[in-house]
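*Asks:* Protein sequences appear in the order of chains A and B.
For the first sequence, our numbering gives the first residue as 2, with consecutive numbering after it.
For the second sequence, our numbering gives the first residue as 2, with consecutive numbering after it.
Beta carbons: idealized from backbone N, C-alpha and C, even for Gly.
2 protein chains.
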Amino acid sequence: MSATDLKDFVGSFPHGDLGRSSARLAAEHPADLAAALQEIGPRQAWSILEHAARPRQADIFAYFDPVFQAELATIVPRMDLAAIFTQMNADDRADLYKKLTEEQREVLMPALAQAEREDIRRLAAYDEGTAGAIMTSDYASFSPELDAIEAIEVLRREAPNKETIYRAYVVDADRRLIGAVRLQDLITAPADVRVIDIMERNTHAIHVDDDMEDAARKIARYDMIALPVIDARDRLVGIITHDDALDVMEAEATEDFQRLGTVTNLAGSVANATVAMLYRARIGWLMLLVFGNIFSGAGIAHFEDTIAAHLALMFFLPILIASGGNAGSQSATLMVRALATGDIRMSDWGRVLGRELVVAVLLGLSMAAAIAVIGVFRGGPDIAVVIALSMSLIVVVGSMIGMLLPFVLSRFHMDPATASTPLVTSIADATGVLIYFSIARALLSLP
Amino acid sequence: MSATDLKDFVGSFPHGDLGRSSARLAAEHPADLAAALQEIGPRQAWSILEHAARPRQADIFAYFDPVFQAELATIVPRMDLAAIFTQMNADDRADLYKKLTEEQREVLMPALAQAEREDIRRLAAYDEGTAGAIMTSDYASFSPELDAIEAIEVLRREAPNKETIYRAYVVDADRRLIGAVRLQDLITAPADVRVIDIMERNTHAIHVDDDMEDAARKIARYDMIALPVIDARDRLVGIITHDDALDVMEAEATEDFQRLGTVTNLAGSVANATVAMLYRARIGWLMLLVFGNIFSGAGIAHFEDTIAAHLALMFFLPILIASGGNAGSQSATLMVRALATGDIRMSDWGRVLGRELVVAVLLGLSMAAAIAVIGVFRGGPDIAVVIALSMSLIVVVGSMIGMLLPFVLSRFHMDPATASTPLVTSIADATGVLIYFSIARALLSLP
Chain A
2 MSATDLKDFV GSFPHGDLGR SSARLAAEHP ADLAAALQEI GPRQAWSILE HAARPRQADI
62 FAYFDPVFQA ELATIVPRMD LAAIFTQMNA DDRADLYKKL TEEQREVLMP ALAQAEREDI
122 RRLAAYDEGT AGAIMTSDYA SFSPELDAIE AIEVLRREAP NKETIYRAYV VDADRRLIGA
182 VRLQDLITAP ADVRVIDIME RNTHAIHVDD DMEDAARKIA RYDMIALPVI DARDRLVGII
242 THDDALDVME AEATEDFQRL GTVTNLAGSV ANATVAMLYR ARIGWLMLLV FGNIFSGAGI
302 AHFEDTIAAH LALMFFLPIL IASGGNAGSQ SATLMVRALA TGDIRMSDWG RVLGRELVVA
362 VLLGLSMAAA IAVIGVFRGG PDIAVVIALS MSLIVVVGSM IGMLLPFVLS RFHMDPATAS
422 TPLVTSIADA TGVLIYFSIA RALLSLP
Chain B
2 MSATDLKDFV GSFPHGDLGR SSARLAAEHP ADLAAALQEI GPRQAWSILE HAARPRQADI
62 FAYFDPVFQA ELATIVPRMD LAAIFTQMNA DDRADLYKKL TEEQREVLMP ALAQAEREDI
122 RRLAAYDEGT AGAIMTSDYA SFSPELDAIE AIEVLRREAP NKETIYRAYV VDADRRLIGA
182 VRLQDLITAP ADVRVIDIME RNTHAIHVDD DMEDAARKIA RYDMIALPVI DARDRLVGII
242 THDDALDVME AEATEDFQRL GTVTNLAGSV ANATVAMLYR ARIGWLMLLV FGNIFSGAGI
302 AHFEDTIAAH LALMFFLPIL IASGGNAGSQ SATLMVRALA TGDIRMSDWG RVLGRELVVA
362 VLLGLSMAAA IAVIGVFRGG PDIAVVIALS MSLIVVVGSM IGMLLPFVLS RFHMDPATAS
422 TPLVTSIADA TGVLIYFSIA RALLSLP
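Here it is as structure tokens:
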């Protein structure tokens, strides 16, 4: 059952008894097999996978990452690929279809049934990031007039082809969603009760063009097994299942993490990213921030006389400007995550601002007290006053920048996570330089 | 159905028809009602909640956040609280129990049945953060000897008291877990087939003392509806359901976010955090980093002669040290998240190091080229050489610090996210000062 053990098995396949090896292929979880097969490359992976049963092949295929799927698709014989394709869940199949080249599609599509081709094209047509792009058409539905026994019979018959039968959807003659029924309620209901009498009417649903993240949040908020997806005319077009919600939320959290650290557009696994992908994901912001930091440099150059007269000021420069950036990073991190999870909404900004100001003043005073002690020893009482004043102001301003920037970005329909810690730090740095040397120039005598 | 609409309803309750208001209390989703009730404070919330039916009260209660639950518990009459307690899911109940004061527990416990008291004490005894602490004892289980019809009958009977009946667990006479059965397979099986013949034997399970995050990752990896939890003797003691996995993953992601921004121990909602909570969560690292930045200051002071001779160097100081910190933040962010999601493992560090070095050298060279151009205009060719050399070295060293620190922390069993961006920035800053001025002193003539 262990990963290493499985890797050994895959590596040694099929030395030995092919029957036993096939049994093992059938017994392990497809997620584990996919992970082990991915490590040995597409050609060898197929040489093993071809010994598995069709539905099994499809299950394992769905767990490969998209890049590996596309590579495999160039190796697997056309008829095998078509058969696997047919067995795959509708949503996984549409995802794979999107990764294929035009040429691969042309070879593959004629091998599929008309209905399947249409289903794939329809699912693949939704924009990336929408509910439509992650939904599946493998849902169970029936008319409100069925009784419990009939409904169970429908589910029993359709079970093998549906992603879940634990929740079935009730639609009218025009396929408009009118309710949902739990399998649990069907099996505990008296046999002659009609679906319409036990269905849940206020079913939460989501529009096919809505953000997939909103779909995931709904599933999380209402502890749902599946969320129905409807089109502009309220017709049921698909469902999004709980496991997809988990994947979406994990991917979104990773994207926000990376954006907060100024790493952009690095979709997929960091482990498998190439040097070129990493370089591209990082160089843009690094360059931009270089130019941002020119302001700090210009600020320092502007105060060259003051610095030349009091070189001791330089000792405190890194501490002061870093503290503004650090306080700002804290505020930005808190706000970006709270906005992403819906813990804080745009409309809360006024209330949050007031509280942040109080917190920032307290933090600034605490740190001013600490730095003043060092200041007395290092530069005398005059310097101590300058740095204590500067510290409190810099921490307050840094915190405000870190707190407000995510709201401002949201306001202009940009991702709040664009208020990355390096960006907040750069702005806080430049502001810190100005505050520090302005106070110094005002309070200290120039020779 | 909208949140504002619901807030109005709650605010105006029960002016008007109490019957219709109660009907509405019964129709809305408990998550929405809980959110609306939480806004009006515990006393008013109870004045509305007391009009709802018992099971409904329990459903809504479970959606309140823990702090609000504890407040409510001091207001709700003892017998009502005991009745709600009895109706709640085992895991929600145990969570609430943990929040009660010793006094509240003593008042409440005698009102409960013996079996319930034991169940609560047992569930509440597991350490925070373990699988045991989030599991529920409301699972369905039966013996392997039942046939499909008998098994469905058991599930039908027990359904109202179980968190899920979509997956039932098969245990032997000693309650050892031997398999799992999907309700879907039971209803599609021939009536006389025995459970032992259709159960899944290689059921993934988790030990009760294992990390709850591992449980959530298993549920995500294997797309499970519920994960069985076993004790040291392989006996089934509970299950963790898919919706709890979502909550755990969201909470863990938030914790990592905050830690990466040096905000510590701010459990729960940021929106509802008090000034004192925020201050405590932020001051520790801010203070620590002040002292960290003294090294940068000391570095600058050490090179005072060089600076005095070439004041133009100061112009580039913020750009150079910020770039090291920015590159380091990127690397740290990527590594912390990849380690948390299991995308990269501890054993990968060597391979990742090599790739990071290549990426960092490319980034460093690109940025050196950019800064050299500014250097020529601003300080002449000598300065340009110094800053270009410094930039490439600083970016490489900063990236290495950001990449390696999370691994080193992991190695010493600390959370990789402790390699926060401000920490990486501080270390990179101090290193940057040393690199920059050392190169400057070596290459530029002192007067």
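Taking the C-alpha atoms as reference points, what is the distance between L410 (chain A) and D139 (chain B)?
*Replies:* For the purposes of this step, residue 410 (chain A) is identified with residue 409 of the first sequence, where counting begins at 1. For the purposes of this step, residue 139 (chain B) is identified with residue 138 of the second sequence, where counting begins at 1. About 45 Å.
*Asks:* With 9 Å as the limit, tell me which residues of the segment 200–231 of chain A have their beta carbon closer than that to any beta carbon of chain B; keep them in chain order.
*Replies:* Under the 9 Å Cβ criterion, the segment 200–231 of chain A contributes R202, N203, H205, A217, I220, A221, R222, Y223, D224, M225 and I226.
*Asks:* Considering just the uninterrupted stretch of the beta strand (DSSP E) at T242 (chain B), what are its terminal residues?
*Replies:* Residue numbering aside, residue 242 (chain B) sits at position 241 when the second sequence is read from its first letter. It spans L237 to T242 - the beta strand (DSSP E) in which T242 (chain B) sits, taken as one unbroken run.
*Asks:* To the nearest angstrom, how far is the alpha carbon of A74 (chain A) from that of D248 (chain A)?
*Replies:* In the first sequence, residue 74 (chain A) corresponds to position 73, counting from 1. In the first sequence, residue 248 (chain A) corresponds to position 247, counting from 1. Those two C-alpha atoms are separated by around 23 Å.
*Asks:* Along chain B, which residues have their Cβ under 8 Å away from the Cβ of F316 (chain A)?
*Replies:* Position 315 of the first sequence, counted from the start, is the residue given in the question as residue 316 (chain A). In chain order: G298, A299, I301 and A302.
*Asks:* V397 (chain A) CB to nearest chain B CB: under 8 Å?
*Replies:* The sequence position of residue 397 (chain A) within the first sequence is 396, counting from 1. Not closer than 8 Å to any Cβ of chain B, the Cβ of V397 (chain A) fails to qualify, so no.
*Asks:* With H, G and I counted as helix, E and B as strand and the rest as coil, what does DSSP make of Y127 (chain A)?
*Replies:* Translated into the one-based positions of the first sequence, residue 127 (chain A) becomes position 126. Three-state result, Y127 (chain A): coil.
*Asks:* Which of the residues in the segment 345–374 of chain B, read from start to end, lie with their CB under 7 Å from any CB of chain A?
*Replies:* Listed by position along the chain: I345, D349, R356, V359, V360, L363, L364, S367, M368, A371 and I372.
*Asks:* Ordered along the chain, which non-local residues of its own chain (more than five positions away) have a Cβ less than 6 Å from that of D93 (chain A)?
*Replies:* Along the first sequence, read from residue 1 onward, the residue named residue 93 (chain A) stands at position 92. Taken in chain order, the residues that qualify are A63.
*Asks:* Of all the CB atoms in chain B, is at least one closer than 8 Å to the CB of H311 (chain A)?
*Replies:* The residue given as residue 311 (chain A) occupies position 310 in the first sequence. No, its Cβ sits nowhere closer than 8 Å to a Cβ of chain B.
*Asks:* Are R55 (chain B) and Q105 (chain B) closer than 8 Å when you measure CB to CB?
*Replies:* On the second sequence, position 54 is the one that residue 55 (chain B) refers to. On the second sequence, position 104 is the one that residue 105 (chain B) refers to. Not a contact, by the Cβ cut-off of 8 Å.
*Asks:* Can you list, in chain order, the residues of its chain with a C-beta nearer than 6 Å to that of A112 (chain B)? Leave out the 5 residues immediately preceding and following it.
*Replies:* Numbered from its first residue, the second sequence carries residue 112 (chain B) at position 111. Only A83 meet the Cβ criterion.
*Asks:* Considering only residues of the same chain and omitting the five flanking positions on each side of I199 (chain B), which have a CB-CB separation below 8 Å?
*Replies:* Translated into positions along the second sequence, residue 199 (chain B) becomes position 198. Contacts found: A149, V182, D186, L187 and A190.
*Asks:* Residues of the segment 245–262 of chain A in Cβ contact with chain B at a cutoff of 8 Å, in chain order, please.
*Replies:* Answer in chain order: A246, L247, D248, M250, E251, A254, T255, D257, F258, Q259, L261 and G262.
*Asks:* Grouping DSSP H, G and I as helix and E and B as strand, with all else coil, what is G180 (chain B)?
*Replies:* In the second sequence, residue 180 (chain B) corresponds to position 179, counting from 1. Three-state DSSP puts G180 (chain B) in a strand.
*Asks:* Can you tell me whether DSSP reads M2 (chain A) as helix, strand or coil?
*Replies:* On the first sequence, residue 2 (chain A) is found 1 positions in, with the first residue counted as 1. At M2 (chain A), the pLDDT of 44 sits below 50, so the modelled position is not reliable; the number obtained from the coordinates is stated separately. Residue state, collapsed to three classes: coil.
*Asks:* Run through chain A and tell me which residues come within less than 8 Å of V194 (chain B), C-beta to C-beta.
*Replies:* Sequence index remark: in the second sequence, residue 194 (chain B) carries index 193 (1-based). The premise fails here: V194 (chain B) is roughly 14 Å from chain A at the closest Cβ pair, so nothing lies under 8 Å.
*Asks:* Quick check: is the beta carbon of A167 (chain A) nearer than 8 Å to any beta carbon in chain B?
*Replies:* If you number the first sequence from 1, residue 167 (chain A) lands on position 166. For clarity, residue 167 (chain A) is Tyr in the given sequence; the question names Ala instead. At least one chain B Cβ lies under 8 Å of Y167 (chain A).
*Asks:* Quick check on V434 (chain B): buried or exposed, where buried means 16 or more other Cβ atoms within 10 Å of its Cβ?
*Replies:* Your numbering for residue 434 (chain B) matches position 433 in the second sequence. V434 (chain B) should be labelled buried.
*Asks:* Taking any Cβ of chain B, which residues in the segment 174–185 of chain A have a Cβ under 7 Å from it, in chain order?
*Replies:* So the list reads L184 and Q185, given in the order they occur along the chain.
*Asks:* Quick check on E490 (chain B): buried or exposed, where buried means 16 or more other Cβ atoms within 10 Å of its Cβ?
*Replies:* Since the first and last residues shown for chain B are 2 and 448, residue 490 (chain B) lies out of range.
*Asks:* Listing by chain order, which chain A residues have their CB less than 7 Å from the CB of P417 (chain B)?
*Replies:* As a first step, residue 417 (chain B) is located in the second sequence; it is residue number 416 there, counting from the start. Those within 7 Å of P417 (chain B) in chain A number zero; the least Cβ separation is about 12 Å.
*Asks:* Any Cβ of chain A within less than 8 Å of the Cβ of P67 (chain B)?
*Replies:* As a first step, residue 67 (chain B) must be located in the second sequence, where it is residue number 66. No, P67 (chain B) lies away from the interface with chain A (no Cβ there is under 8 Å from its Cβ).
*Asks:* Below 7 Å between beta carbons is the criterion; list the residues of the segment 264–278 of chain A that meet it against any residue of chain B, in chain order.
*Replies:* From the segment 264–278 of chain A, only V264, S270, V271, A272 and V276 have a Cβ closer than 7 Å to chain B.
*Asks:* Quick one: what does DSSP say T102 (chain B) is sitting in, helix, strand or coil?
*Replies:* As a first step, residue 102 (chain B) must be located in the second sequence, where it is residue number 101. Three-state DSSP puts T102 (chain B) in coil, outside helix and strand.
*Asks:* From G355 (chain B) to V396 (chain B), what does the alpha carbon distance come to, in whole angstroms?
*Replies:* On the second sequence, position 354 is the one that residue 355 (chain B) refers to. On the second sequence, position 395 is the one that residue 396 (chain B) refers to. Roughly 15 Å separates the two Cα atoms.
*Asks:* Compute the beta-carbon to beta-carbon distance between P407 (chain A) and L340 (chain A), rounded to the nearest angstrom, for a pair I have assumed lies under 8 Å.
*Replies:* On the first sequence, residue 407 (chain A) is found 406 positions in, with the first residue counted as 1. On the first sequence, residue 340 (chain A) is found 339 positions in, with the first residue counted as 1. Right, their Cβ atoms sit about 6 Å apart.
*Asks:* Ends of the alpha helix (DSSP H) at A443 (chain A)?
*Replies:* Along the first sequence, read from residue 1 onward, the residue named residue 443 (chain A) stands at position 442. It spans T422 to L444 - the alpha helix (DSSP H) in which A443 (chain A) sits, taken as one unbroken run.
*Asks:* Would you give the residue range spanned by the alpha helix (DSSP H) that V322 (chain A) belongs to?
*Replies:* The count along the first sequence starts at 1 and reaches residue 322 (chain A) at position 321. With the sequence shown as reference, residue 322 (chain A) is identified as Ile, and Val is not the correct amino acid for it. Note, I322 (chain A): alpha helix (DSSP H), A313 to T342.
*Asks:* Can you name, in chain order, every residue of its own chain whose Cβ lies under 8 Å from the Cβ of S421 (chain B), other than the five neighbours on each side?
*Replies:* If you number the second sequence from 1, residue 421 (chain B) lands on position 420. So the list reads R260, L261, G262, T263, W286 and A333, once near-sequence residues are dropped.
*Asks:* Whose Cβ in chain A lies nearer than 8 Å to the Cβ of S324 (chain B)?
*Replies:* Within the second sequence, residue 324 (chain B) is the residue found at index 323, counting from 1. Simply L287, L290, V291 and N294.
*Asks:* Looking at the unbroken alpha helix (DSSP H) that takes in A132 (chain B), where does it start and where does it end?
*Replies:* Taking the second sequence and counting its residues from 1, one reaches residue 132 (chain B) at position 131. Taken as a continuous stretch (DSSP letters only), the alpha helix (DSSP H) holding A132 (chain B) covers A132 to I135.
*Asks:* Pick out whichever of B:G12, B:D175 and B:T165 has its Cα sitting closest to the Cα of L237 (chain B).
*Replies:* The count along the second sequence starts at 1 and reaches residue 237 (chain B) at position 236. Checking every option, the nearest Cα to that of L237 (chain B) belongs to B:D175.
*Asks:* My output table needs one value for V1 (chain B): the three-state DSSP class, helix, strand or coil.
*Replies:* In the structure as shown, chain B starts at 2 and stops at 448, and residue 1 (chain B) therefore has no counterpart that could be examined.
*Asks:* Quick one: grab the DSSP three-state call for V230 (chain B).
*Replies:* Position 229 of the second sequence holds residue 230 (chain B). The answer is strand: DSSP assigns V230 (chain B) an E or B state.
*Asks:* Report, in whole angstroms, the separation of the C-beta atoms of G130 (chain B) and M213 (chain B), which I expect to be a contact under 8 Å.
*Replies:* The residue given as residue 130 (chain B) occupies position 129 in the second sequence. The residue given as residue 213 (chain B) occupies position 212 in the second sequence. The pair is a contact, with the Cβ atoms about 6 Å apart (cut-off 8 Å).
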